[in-house]
Each structure stands twice: as structure tokens, then as C-alpha cells.
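Participant: Residue numbers (this note's numbering): 1 to 486. Glycine residues also receive a C-beta, built at the ideal position from the N, C-alpha and C atoms.
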Amino acid sequence: MRKILFASSEVYPLIKTGGLADVSASLPIALQQHGEDVRIVLPAYRQCLEALGEINTIAEIKLDGFHMPVEILQSTLPDSDVILWLINSPHHFDRDGGPYGNHSDGDWPDNAARFALFSRAIAAIAMNQLGLDWQADVLHCNDWQTGLAPALLSQYADRPKTVFTIHNLAYQGLYSRDVFDSLDLDADTFWHSEGLEFYDQLSFMKGGLSYADHVTTVSPTYAQEICGYEFGYGLEGLLSYRAEQGRLTGIINGIDEQEWNPETDPYINQTFSTKKLKNKLKNKAALQQHFLLPVKEQSLVLGLISRLVAQKGIDLTLEAIAHILEAGANIQLVCLGSGEPDFEHDLRVLRARFPDKVAIHIGYDEALAHQIEAGADVFLMPSRFEPCGLNQLYSLRYGTLPLVRNTGGLADTIVDATEDNRRDETANGFKFEKSNSEELEQTIYRAIDMHQRPRIWRKMMITAMAQDVSWENSASSYQALYDNLA
Ligand code: ADP
1 MRKILFASSE
11 VYPLIKTGGL
21 ADVSASLPIA
31 LQQHGEDVRI
41 VLPAYRQCLE
51 ALGEINTIAE
61 IKLDGFHMPV
71 EILQSTLPDS
81 DVILWLINSP
91 HHFDRDGGPY
101 GNHSDGDWPD
111 NAARFALFSR
121 AIAAIAMNQL
131 GLDWQADVLH
141 CNDWQTGLAP
151 ALLSQYADRP
161 KTVFTIHNLA
171 YQGLYSRDVF
181 DSLDLDADTF
191 WHSEGLEFYD
201 QLSFMKGGLS
211 YADHVTTVSP
221 TYAQEICGYE
231 FGYGLEGLLS
241 YRAEQGRLTG
251 IINGIDEQEW
261 NPETDPYINQ
271 TFSTKKLKNK
281 LKNKAALQQH
291 FLLPVKEQSL
301 VLGLISRLVA
311 QKGIDLTLEA
321 IAHILEAGAN
331 IQLVCLGSGE
341 PDFEHDLRVL
351 RARFPDKVAI
361 HIGYDEALAH
371 QIEAGADVFL
381 MPSRFEPCGL
391 NQLYSLRYGT
401 LPLVRNTGGL
411 ADTIVDATED
421 NRRDETANGF
431 KFEKSNSEEL
441 EQTIYRAIDM
451 HQRPRIWRKM
461 MITAMAQDVS
471 WENSASSYQA
481 LYDNLA
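#1: Go ahead and pull the three-state DSSP assignment for residue 159.
#2: Between 116, 138, 95, which has its C-alpha nearest residue 65's C-alpha?
#3: Mind pulling the beta strand (DSSP E) runs of 3 or more residues that sit fully within the segment 388–434?
#4: Is residue 306 near the ligand ADP, going by C-beta to nearest heavy atom under 8 Å?
#5: Leaving out the 5 sequence neighbours to the left and right, which residues in its chain are closer than 7 Å to residue 343 when beta-carbon positions are compared?
#6: Measure the beta-carbon distance from residue 134 to residue 142 and round it to whole angstroms, keeping in mind my assumption that it falls under 8 Å.
#7: Return helix, strand or coil for residue 150, following the three-state DSSP convention.
#8: State yes or no: is the C-beta of residue 11 within less than 9 Å of the C-beta of residue 38?
#9: If you measure from the CB of residue 35, is any heavy atom of the ligand ADP nearer than 8 Å?
#10: Might you give, ordered along the chain, the residues of its own chain that have their beta carbon closer than 7 Å to the beta carbon of residue 232, omitting 5 neighbours on each side?
#11: What does DSSP give as the partner residues of residue 216 in its beta bridges?
#12: Tell me whether the beta-carbon of residue 349 lies closer than 9 Å to the beta-carbon of residue 303.
#13: Helix, strand or coil: which one does DSSP assign to residue 69?
#14: Please return the same chain residues whose Cβ sits closer than 6 Å to the Cβ of residue 216, not counting the five positions on each side in sequence.
#15: Are three or more beta carbon pairs between the segment 193–209 and the segment 169–181 nearer than 8 Å?
#16: How about the segment 260–278 and the segment 28–45: do they share at least three Cβ pairs that are nearer than 8 Å?
#17: Between the C-alpha atoms of residue 487 and residue 486, what's the straight-line distance to the nearest angstrom?
#18: Do we get a CB-CB distance below 9 Å when we pair residue 45 with the residues of chain B?
#19: Could you check if residue 36 is buried or exposed, using at least 16 other CB atoms within 10 Å of its CB as the buried criterion?
#20: Compare the C-alpha of residue 17 against each of 137, 365, 358, 297 and name the closest.
#21: Between the segment 281–294 and the segment 345–360, do at least 3 Cβ pairs fall closer than 8 Å?
#22: For residue 397, count neighbouring C-beta atoms within 10 Å of its own C-beta (all shown protein chains included) and say buried if the count is 16 or more, exposed if not.
#23: Where residue 260 and residue 184 are concerned, what is the direct C-alpha to C-alpha distance, given to the nearest angstrom?
#24: Of all the options 328, 48, 136, 331, which has the alpha carbon lying nearest to the alpha carbon of residue 74?
#25: Return yes when at least one heavy atom of the ligand ADP lies under 8 Å from the C-beta of residue 132, else no.
#26: For the segment 417–428 against the segment 48–58, do three or more pairs of beta-carbon atoms, one drawn from each stretch, fall closer than 8 Å, so that the two count as touching?
#27: Rounded to whole angstroms, what is the Cα-Cα separation between residue 280 and residue 272?
#28: Under 6 Å Cβ to Cβ from residue 367, same chain only, skipping five residues before and after it: list those, please.
#29: Could you check whether residue 236 and residue 246 sit closer than 9 Å to each other, using their CB atoms as the reference points?
#30: Rounded to whole angstroms, what is the Cα-Cα separation between residue 488 and residue 437?
#31: Near residue 311, what residues of its chain come up, given a Cβ to Cβ distance below 7 Å and the 5 sequence neighbours on each side ignored?
#32: Going along the chain, which residues of its own chain have a beta-carbon closer than 7 Å to the beta-carbon of residue 158, five neighbours each way excluded?
#33: Just how far apart, CA to CA, sit residue 285 and residue 145?
#34: I need the boundaries of the alpha helix (DSSP H) containing residue 319, first residue and last residue.
#35: So is residue 378 buried or exposed if we call it buried at 16+ other beta carbons inside 10 Å?
#36: Is residue 24 buried or exposed, if buried means 16 or more other CB atoms sit within 10 Å of its CB?
Right under this line is the structure:
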């Protein structure tokens, strides 16, 4: 049994801002089911301590660069027996607000110290320095918040192998040289362009990209895209180098099929399956009622659940939907999200203009997310870039046809409803190429037209619902990767 230490700054259902949390719960569970001994390590945020049942203090350690010792707490991931280790430093993690800031958009001013501390604790556990009698074979880190851990481990000859997964390259953890100095990191070792330095700044992300034995990201297409200028953020040279070494791999995410299962989902009005597709219409009616929209079976309901940021193409959606509604098309938009105040404002303005066609809920609501997945006909994801995307995978499972831009994980999972693809029964959604509202608008019109052809629509729903979106293959791909770490 291989010992894998899985490090992440968010884990569902304890703390979540996006897809990272979902993956950080469902991948360890899948790996455990594949016979691995997995432990998750997470900061002991206030919300996590409040949500967890039994918690035991199992170790204490003084970390370089920090005055107060930190505790290691042990619990289990809810609804599983995967062991969870929490890094308890109340000064850094016991506060109200989100994991990265006190509202969805801002950052805590001490994030560099918070995640340097987290990374140092991860490295200490990985090196079995806490008397836990558990020596990791592999340390699997995720996103910039854990990036310093592979860098710190690189200093030990007898260290475990390290894997670093990029869930979103847009967030890198960049800080000044002064911050670097404050973290008690050795400049001779780390402050150079092949180390942590990135154009005179400290890059947490580079700790993973430069020092991990293997870098992965969450879809094959995104793995290629980040090696290019448009999505590489200046790191494309380093990433291309890692790809040439054979040390950059794209592995698509799976989903938690217990949590997202239309046949058993406790949040939705009526459970359904390919054999009981009529029940999906009851969810559509319930959704329309919930949002005080006219209950009309013929209206094409478009769902959107998203962080409201430019990445997700919210501006394109606002423009395209306004245009389509001005032209009097029979659609309804149901939107759940929070994020940039300008987008929240613009969505409210759109609703005020078309109150019987546009419904919005600003905020974060897990149950409502399930109800939208179950009740909508089409799921909108016109992302400018999308490393993997989970909502299109949930949508496939719920027979809600994804309408997406052809990028990243969306490109790898959605098959456009062209005539050829419909004929060979692979079509499961709608795709467009360029990030502009015209192409999005045309594609929504294509969906509106297709919705008039119930037999084709039904067939696409069945194709979508039959698609394998489980962790089965992806967990095996991670295992093969762990096997071959050099
Ligand atoms: P990202 O990680 O970039 O935000 P993903 O599609 O990978 O995008 O994952 C987003 C996750 O967050 C999904 O599980 C989605 O359902 C959830 N989510 C996003 N916004 C909300 C919200 N306002 N309410 C409930 N769930 C949300």
C-alpha cells in the first residue's frame, strides 16, 4: 500500500471556493478505493473545526520562520474514512471569512505567511518529522498555496517523490522580495530564475513547477494551452521545458458520483434517470417556480453557476442574453453566483429589464446548485479558459446539455451537436470557438433550434448521461503516474 500525502487549501464539504475543493475530496477517496493509503492535509480554518466531529491533537512542531509552534489535528473527511490532518495555527487560520480573504474577491494581507506556514508543515509531515510514524511515499500538492512544499523538500536527499497539480495557473501567489525575506527562505538556494524567483517576485506557484518531480494539470488540452503565450502567464517557457522532459501531464478530473447523482439527489424535486427522463421536467417546473419565472415547458432554461469573474465569460453571457431577449426568443436564464461586484450589478440590471426571463441568486448555495443542474435544459460555460471545469461534468450527469467554449477541459469533455456527431451519437452539448458574444449568441440560437427537435434533444441527453465522468480512469492515471515517478 503506497502512502500518499495529499495537500490542499480547500476540501469539500469543509471549505470550498471552487473546483479544487471538490477534487481534493473526491480524488483521495477514489485513490483510497484503488488501494492507496491517502492522508489529506488542510489548514485548520475556523469553519473546518466547527464542521468536524471528533478532532484529536496528535503532534506539535515549531516551524522555521514562525514564532509559535503549530499543532497537527486529526479527524476524518466527512462521509469517508480518509484521515484528515489539519494544521492548527489560530493566528493564521482561526478567523471569520473565506480561506483566502474576508470576502470572495479580496486577499488576506498575510496570505504569504499563512501558506508558507502551511507548506512548511506539509514538508515536515512528508519528511515524517512529527513522530506520526507515517512516512509518505508521495507528496501530492495542489495549487500555489502548497507550492513551497516541493521546494522545501528538494533540500532532502531521502525525501518522498513530489507531484504538483495546477488547478488554475491564473492564481500564482506572487509576492515581493521583502516578503520572501520575511519567510526565512534561503536566498542562495531559492532566489533565482530556476527557483522561486519570477521577474523579481516570489512565486509560490514556481515552487511546484520548478521543484516537483512531476507536474500535472486537470485536462490534456489545458496542459497544452499553458505551454503557450496566451495562457502561460510568462511561465510557458518553464512549462514547455517540463513537458519536453515528459514531466507535465494532463489528467481530466472525475466527479463525486454519490454527491452528484440524479437518481438519489436529496436536494432536487424529483429524482430521475435515463429511464425516467420525464421527471427532469418536474425539476424544470420546480426551478421556474422557485425563481418566480413563468412555468413554461417550451422555454429553453439556461443555467449558470459560477464564480462571477472574467475567466468565466460572464460579460459575454450578459451581452448575448440581452441581445437574444431583445429579439424576443423563448428562453429563461437562471443564474447562481458571486464574485466581482460589477458582474453582480450587471446581472441585477439584466433581471430588472427582463423580470420574467432572468432570475438570479447572488451568493453561494450548494442545494440550489443541484436544483439548477437538475432543472435547466442547457448549462452555460462560455469560459475564456477552463483548466477542467466540473459543472459541465455535473451537467452531463443530469442531462443538462453544456454549452461551452472550446477550451481546456471543456474541449476534452464536450462533443458539439454537429450533424456528424449527432449521427454517430457522440454529441452531448454545444461548443463555440472564439471568446466573443456573437459566437456565444449564435450557439445559444443553435440550442434553441435543437430544442424544437425533441427526439434529437432526448438522444443527446441520453448520450450525456451515459458518459463516464467517474474517477475510475483518472484515479488509475494518477496511480500510473505515481508508479513511474523518477
Ligand atoms: P472553478 O474551480 O474555476 O470555480 P469549476 O467548474 O472547476 O470552477 O468548479 C466550480 C465548483 O464550485 C462547482 O462545484 C460549482 O458547482 C461550485 N460553485 C461555484 N459557484 C457556486 C455558487 N455560487 N453556489 C454553489 N456552488 C457554486
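Facilitator: Working from what's here:
#1: Walking along the sequence shown from the start, residue 159 turns up at place 159. In the three-state reduction of the DSSP assignment, residue 159 falls in the coil class, being assigned neither a helical nor a strand state.
#2: Sequence index remark: in the sequence shown, residue 65 carries index 65 (1-based). Taking each of 116, 138, 95 in turn and checking the Cα distance to residue 65, the smallest one comes out for 116.
#3: 401–405, 430–432
#4: By one-based count along the sequence shown, residue 306 stands at place 306. It does: the Cβ of residue 306 is within 8 Å (strictly closer) of some heavy atom of the ligand ADP.
#5: The residue given as residue 343 occupies position 343 in the sequence shown. Closer than 7 Å at the Cβ level, and outside the excluded window around residue 343, lie 308, 314.
#6: The sequence position of residue 134 within the sequence shown is 134, counting from 1. The sequence position of residue 142 within the sequence shown is 142, counting from 1. Not quite, the Cβ-Cβ distance comes to about 20 Å (not below 8 Å), so this is no contact.
#7: What you label residue 150 is simply residue 150 of the sequence shown in a count that begins at 1. In the structure shown, residue 150 sits in a helix (DSSP, three-state: H, G or I).
#8: On the sequence shown, residue 11 is found 11 positions in, with the first residue counted as 1. On the sequence shown, residue 38 is found 38 positions in, with the first residue counted as 1. No, these two residues do not count as a Cβ contact at 9 Å.
#9: If you number the sequence shown from 1, residue 35 lands on position 35. No - the ligand ADP has no heavy atom lying nearer than 8 Å to the Cβ of residue 35.
#10: Sequence index remark: in the sequence shown, residue 232 carries index 232 (1-based). The answer, listed in chain order, is 226, 239.
#11: Residue mapping note: residue 216 aligns to position 216 of the sequence shown, counting from 1. DSSP lists 165, 249 as partners of residue 216.
#12: For this step, residue 349 is matched to residue 349 along the sequence shown. For this step, residue 303 is matched to residue 303 along the sequence shown. No. Outside cutoff.
#13: Numbered from 1 along the sequence shown, position 69 holds the residue referred to as residue 69. Residue state, collapsed to three classes: coil.
#14: Taking the first residue of the sequence shown as position 1, residue 216 is located at position 216. Closer than 6 Å at Cβ, skipping near neighbours: 165, 249, 251.
#15: By the C-beta criterion, the segment 193–209 is judged to be in contact with the segment 169–181, since at least 3 inter-stretch pairs fall below 8 Å.
#16: no
#17: With the chain running from 1 to 486 in the structure shown, residue 487 is simply not present.
#18: Considering every chain present, this structure includes no chain B. It has just one protein chain.
#19: For the purposes of this step, residue 36 is identified with residue 36 of the sequence shown, where counting begins at 1. Answer is buried; the Cβ neighbour count reaches 16.
#20: Mapped onto the sequence shown, residue 17 falls at position 17. Minimum Cα distance to residue 17 is reached at 365.
#21: yes
#22: To locate residue 397, count along the sequence shown from 1; it is residue 397. When all chains shown are included, residue 397 counts as buried.
#23: Numbered from 1 along the sequence shown, position 260 holds the residue referred to as residue 260. Numbered from 1 along the sequence shown, position 184 holds the residue referred to as residue 184. Their Cα atoms are separated by approximately 44 Å.
#24: Mapped onto the sequence shown, residue 74 falls at position 74. Nearest of 328, 48, 136, 331 to residue 74, Cα basis: 48.
#25: Start at 1 with the first residue of the sequence shown, and residue 132 comes out as number 132. Every heavy atom of the ligand ADP is 8 Å or more from the Cβ of residue 132, so no.
#26: no
#27: Counting from 1 along the sequence shown, the entry for residue 280 is found at position 280. Counting from 1 along the sequence shown, the entry for residue 272 is found at position 272. Those two C-alpha atoms are separated by around 6 Å.
#28: Taking the sequence shown and counting its residues from 1, the one referred to as residue 367 is at position 367. Sequence-distant partners of residue 367 (beyond 5 residues in either direction) whose C-beta falls short of 6 Å from its own C-beta, in its chain, are 267.
#29: The sequence position of residue 246 within the sequence shown is 246, counting from 1. The sequence position of residue 236 within the sequence shown is 236, counting from 1. Cβ distance not < 9 Å, so residue 246 and residue 236 don't count as in contact.
#30: Residue 488 cannot be examined here, being either before or after the span of the chain that is shown, 1 to 486.
#31: Working through the sequence shown from its first residue, we reach residue 311 at position 311. Excluding positions up to five away in sequence, the list reads 170, 383, 384, 385.
#32: Counting from 1 along the sequence shown, the entry for residue 158 is found at position 158. There are no such residues.
#33: For this step, residue 285 is matched to residue 285 along the sequence shown. For this step, residue 145 is matched to residue 145 along the sequence shown. Rounded to the nearest angstrom, the two C-alpha atoms are 42 Å apart.
#34: In the sequence shown, the residue the question calls residue 319 occupies position 319. From DSSP, the alpha helix (DSSP H) with residue 319 extends over 314–326.
#35: Position 378 of the sequence shown, counted from the first residue, corresponds to residue 378. Residue environment: residue 378 is assigned as buried (16 or more neighbouring CB atoms within 10 Å of its CB, all protein chains considered).
#36: The residue labelled residue 24 in the question sits at position 24 within the sequence shown. By the 10 Å Cβ count, residue 24 comes out buried.
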